[in-house]
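Here is the structure we will look at, set down as structure tokens.
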Amino acid sequence: MDVQMWTYTIVGITFLIYIAIAVWAKAGSTKEFYVAGGGVPPVLNGMATAADWMSAASFISMAGLISFMGYDGSVYLMGWTGGYVLLALLLAPYLRKFGKFTVPDFVGDRYYSNAARTVAIICAIFVSFTYVAGQMRGVGVVFSRFLEVDINTGIIIGMCIVFFYAVLGGMKGITYTQVAQFCVLIFAYLVPAIFLSIQIANNPIPQIGFGGAGADGIPLLEKLDMLHKDLGFAAYTSGSKPMIDVFAITFALMVGTAGLPHVIVRFFTVPKVRDARISAGWALIFIALLYTTAPAIATFARLNLIDTVSNKSYEELPNWFKKWENTGLLAWMDKNGDGLIQYTGKNIGGGDAFEGSKPAFTKETGAHGEPLLSNKPNDNSNELYIDKDIMVLANPEIGGLPDWVIALVAAGGLAAALSTAAGLLLVISTSIAHDLVKKQLNPNISEKSELLFARVAVAVAIVIAGYFGINPPGFVAEVVAFAFGLAAASFFPVIILGIFSKRMNKEGAIAGMLVGLIFTAAYIVNFKFLNPGMNKPEFWFMGVSPEGIGTIGMLINFAVSYVVSRFTPAPPQEIQDLVDSLRYPKGAGEAVEH
Amino acid sequence: MEKGKLQEYWKINLGYLIGLLVVWFVVSYGFGILFVNQLNAIQLGGFKLGFWFAQQGSIYVFVILIFVYVALMNKLDKKFDVRED
């Protein structure tokens, strides 16, 4: 069988499994639809949470990002795992005890205010849509690269699959599908990593292997530092971002993670408060499997890449280079006409090889058989363009691994994108059917009509998400900072204060959320959209980039909430009793219909 | 549960939280970011120690922290008789 056949077979089998699970786990009540009946065992919930959390970006792009950023890439590793400690210790058990369905439920009830609930709904929908558009795009990209169908066709196939199991099964269907998807994606991620680790470091455990030495006896990371220095890049193990910014970005990603509605809702699906605590632990173990492997892949891939291309003649490059050139993820422009590939960084006069963010091929070939580009060359010595995604996608080929491993990576990428998309779509549908319709517009709606509403809302959300996937707004990458910044500056403080401060009242919470949100949004819009030319450290507030500004927004939210609440009346007695009851597990009951 | 007991339970819980979050902060922000250069002077196998904490060690400690908290709280729940059946 060739790669193509393998890919169709493996992807086909995984899709059949997802659909079979959906049929088996059909949701019969709103409780099953929103929180899987509240009866998911913690280990499975941990797996589902991990699949929900690890998106197409984690699977496809993260190792590549780290590969290019070196130490600076640690912000993603720590930022996207450390939030689970906050979840397990500060949020999950108390929200589980609260026992409703959604984050806006908590905000609305705890702050006895429909205005607060509405702000929370808007944030939840905005954050989730931002995210889901990127997932749909990821589905399309994987389809087009591995199955050689058009990106748009790929997105439509992905939409149909998600449609089927999300509309039918709700949270119950999604949760059990995600368990299967986790197994697929982690297997697909680890297999090539283990192969590479054996090849390069002679150690089957990648986490240890990348601290080992290659055949020449020099530790891999030391070798990489030397190569980086010679080629004019910042040293791999020390990076180039200012320390305050690394700090702020890591912090914003951590509290953002803990404030994302599609993550929080996972802890409503377990039977007991103590299950909520431990299922955050299981989730982090499963996430850590991928997140501790990613930096190893980053190191192996970076070494492999530099080894293969730097100062080599184009004609002698291995086949995979030319294959991935066709996808536009690699490009070479022979600026000095010597037929060799110069790959250089800023420190010795390198930089971006040419103008424009993507290579534009002319369909003609140059003196050495390379596809020519119509981009205007930049005046520097670097001749190579590399997309970060290639580090994971082309890994099996670079390592010369068997065809079925390549097919596995395709199935893994799809599992990662589909599982995250489904989780997000459910948050959107719940926000509309439950928080908006049931809690605000029409409280007398019957369970049956609410369930129908929820299903229609998922369907509409899928269509909208698919539309954004096919016609991506040019700013998908930019809005990721938004999702985390807004979650950090709004949900995180408001929930923490709701649990840990009995004195916190609705005036304080609403004022804090609004000020935190407006500050963070204004900062990001200013630097990302209005004045992108000024997006440099010397203009940043205290040296914090838009990616890290959620940290400052969060601090402002805390401060404003505190001050305002001290000058306004304390919350009513029944709310203070509610807070008391959140603080110990007994009598949590199940997630209740209300 | 009576009020005094609840307050005592909550106080012990807060004590655990503070202790564990201090560790959480020290391994990631301390070892991985603020003191990364100093720690990088130390080698752990083929890793510089600060770099190792930033890309590996902190994540392992995060996992351990959650399970320690789970164990502590399960014990505390039993002691104060607030464990769910």
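Chains as they are written, first to last, in this note's numbering: chain A, 57 to 650; chain B, 249 to 333. Built from N, CA and C at the ideal position, the CB exists for glycine as well.
Same chain, Cβ closer than 6 Å to residue i, five either side skipped, listed in chain order
i, result
"ILE309(B)", "Rather than Ile, the amino acid found at residue 309(B) in this sequence is Val. If we look at VAL309(B) and ignore the five residues flanking it on each side, its Cβ neighbours are VAL275."
"TYR257(B)", "PHE328"
"TYR264(B)", "LEU320"
"GLY406(A)", "GLY288, THR400, ASN436, SER437 and ASN438"
"ASP459(A)", "VAL59 and TRP62"
"LYS296(B)", "ASN288"
"GLY298(B)", "VAL284, LEU287 and ASN288"
Alpha helix (DSSP H) segment containing residue i, residue limits
i, result
"THR348(A)", "329 to 365"
"PHE377(A)", "375 to 382"
"TYR579(A)", "562 to 581"
"LEU268(B)", "251 to 273"
"SER253(A)", "207 to 257"
"GLN398(A)", "Here GLN398(A) belongs to no alpha helix (DSSP H), and DSSP marks it neither H nor E."
"TYR74(A)", "59 to 80"
"TYR140(A)", "130 to 142"
"TRP300(B)", "297 to 300"
Residue-chain proximity (residue i, chain B), Cβ-Cβ < 9 Å
i, result
"ALA644(A)", "Its pLDDT being 43, under 50, ALA644(A) is placed unreliably by the model, and nothing is read from it."
"TYR167(A)", "no"
"GLN263(A)", "yes"
"ALA647(A)", "Unreliable placement is indicated for ALA647(A), whose pLDDT of 47 sits below 50; no coordinate value is reported for it."
"GLY68(A)", "no"
"VAL483(A)", "no"
"TYR245(A)", "no"
"LYS328(A)", "yes"
"PRO149(A)", "yes"
"ILE122(A)", "yes"
"GLY267(A)", "yes"
"PHE547(A)", "no"
"SER85(A)", "no"
"HIS650(A)", "The pLDDT assigned to HIS650(A) is 43, lower than 50, so where the model puts this residue is not dependable; a value taken from the coordinates is nonetheless given after this. Chain B, which has no Cβ nearer than 9 Å to the Cβ of HIS650(A), makes this no."
"GLY599(A)", "no"
"SER130(A)", "yes"
"PHE303(A)", "yes"
"THR607(A)", "no"
"TYR399(A)", "no"
"LEU586(A)", "no"
"TYR140(A)", "yes"
"SER487(A)", "no"
"SER114(A)", "no"
9 Å Cβ cutoff, residue i in contact with chain A
i, result
"LYS327(B)", "no"
"ILE260(B)", "no"
"LEU230(B)", "Outside the displayed span of chain B (249 to 333) sits residue 230(B), for which this structure offers no information."
Residues of its chain near residue i, where Cβ-Cβ distance is below 7 Å and the 5 sequence neighbours each way are ignored
i, result
"ILE612(A)", "VAL571, GLY572 and PHE575"
"LEU53(A)", "This structure leaves residue 53(A) out entirely; chain A is present only between 57 and 650."
"MET310(A)", "GLY135, GLY138, GLY139 and LEU142"
"ASP331(A)", "PRO98"
8 Å Cβ shell around residue i - same chain, five flanking residues per side excluded
i, result
"GLY196(A)", "ILE207, ASN208, GLY210, ILE211, GLY214, GLY525 and ILE526"
"PRO260(A)", "ILE250, SER253 and ILE254"
"GLU371(A)", "GLY395, HIS424 and GLY425"
"PHE614(A)", "PRO549, LEU553 and GLY568"
"LEU334(B)", "Missing from the structure shown is residue 334(B); chain B here goes from 249 to 333 and no further."
"VAL461(A)", "VAL247, PRO248, PHE251 and PRO452"
"ILE520(A)", "PHE185"
"ASP636(A)", "LYS558"
beta-carbon residue i near the ligand ZN non-hydrogen atom, thresh 8 Å
i, result
"ILE230(A)", "The ligand ZN is not among the ligands present in this structure, which contains no ligands whatsoever."
Continuous beta strand (DSSP E) stretch holding residue i: start and end
i, result
"LYS419(A)", "417 to 421"
"ILE442(A)", "440 to 442"
"ALA388(A)", "The residue you asked about is not Ala; residue 388(A) is Trp in the sequence shown. Unbroken beta strand (DSSP E) run through TRP388(A): 386 to 388."
"PRO427(A)", "427 to 429"
### Task
Output the residue ranges of the alpha helix (DSSP H) runs that lie fully inside the stretch 268 to 314 of chain A and measure 4 residues or longer, sorted by chain position.
276 to 287
### Task
Anything in the stretch 291 to 318 of chain B with a Cβ closer than 8 Å to a Cβ of chain A? List those residues in chain order, please.
LEU292, GLY293, GLY294, PHE295, LYS296, PHE299, TRP300, ALA302, GLN303, GLN304, SER306, ILE307, TYR308, PHE310, VAL311, LEU313, ILE314, PHE315, TYR317 and VAL318
### Message
Extract the residue ranges of the alpha helix (DSSP H) inside the stretch 155 to 182 of chain A, only unbroken runs of 4 or more that lie entirely within it.
### Response
159 to 166
### Query
Between the stretch 332 to 344 of chain A and chain B, which residues of the former have CB atoms less than 7 Å from a CB of the latter, in chain order?
ARG333, ILE334, ALA336, GLY337, LEU340, ILE341 and ALA344
### Task
Residues of the stretch 306 to 319 of chain A with a CB closer than 9 Å to any CB of chain B: list them in chain order, please.
THR306, PHE307 and MET310
### Interfacial residues, the stretch 275 to 286 of chain A to chain B, with Cβ spacing under 8 Å
PRO275, LEU276, LEU277 and GLU278
### Query
Of all the residues that make up the stretch 267 to 281 of chain B, which are near chain A by a beta-carbon distance shorter than 8 Å?
LEU268, LEU269, TRP272, SER276, TYR277, GLY280 and ILE281
### Task
Check distances from the C-beta atoms of the stretch 343 to 361 of chain A to those of chain B and list, in chain order, the residues that come in under 7 Å.
ALA344, TYR347, THR348 and PRO351
### Task
Check distances from the C-beta atoms of the stretch 626 to 640 of chain A to those of chain B and list, in chain order, the residues that come in under 8 Å.
ASP636, ARG639 and TYR640
### Task
Please name the residues in the stretch 551 to 579 of chain A whose beta-carbon is closer than 8 Å to at least one beta-carbon of chain B, in chain order.
none
### Message
Against chain B, which members of the stretch 79 to 111 of chain A pass a CB distance test of less than 7 Å?
### Response
none
### Task
Let me know the alpha helix (DSSP H) ranges lying completely inside the stretch 473 to 499 of chain A, each 4 residues or longer, listed in chain order.
none
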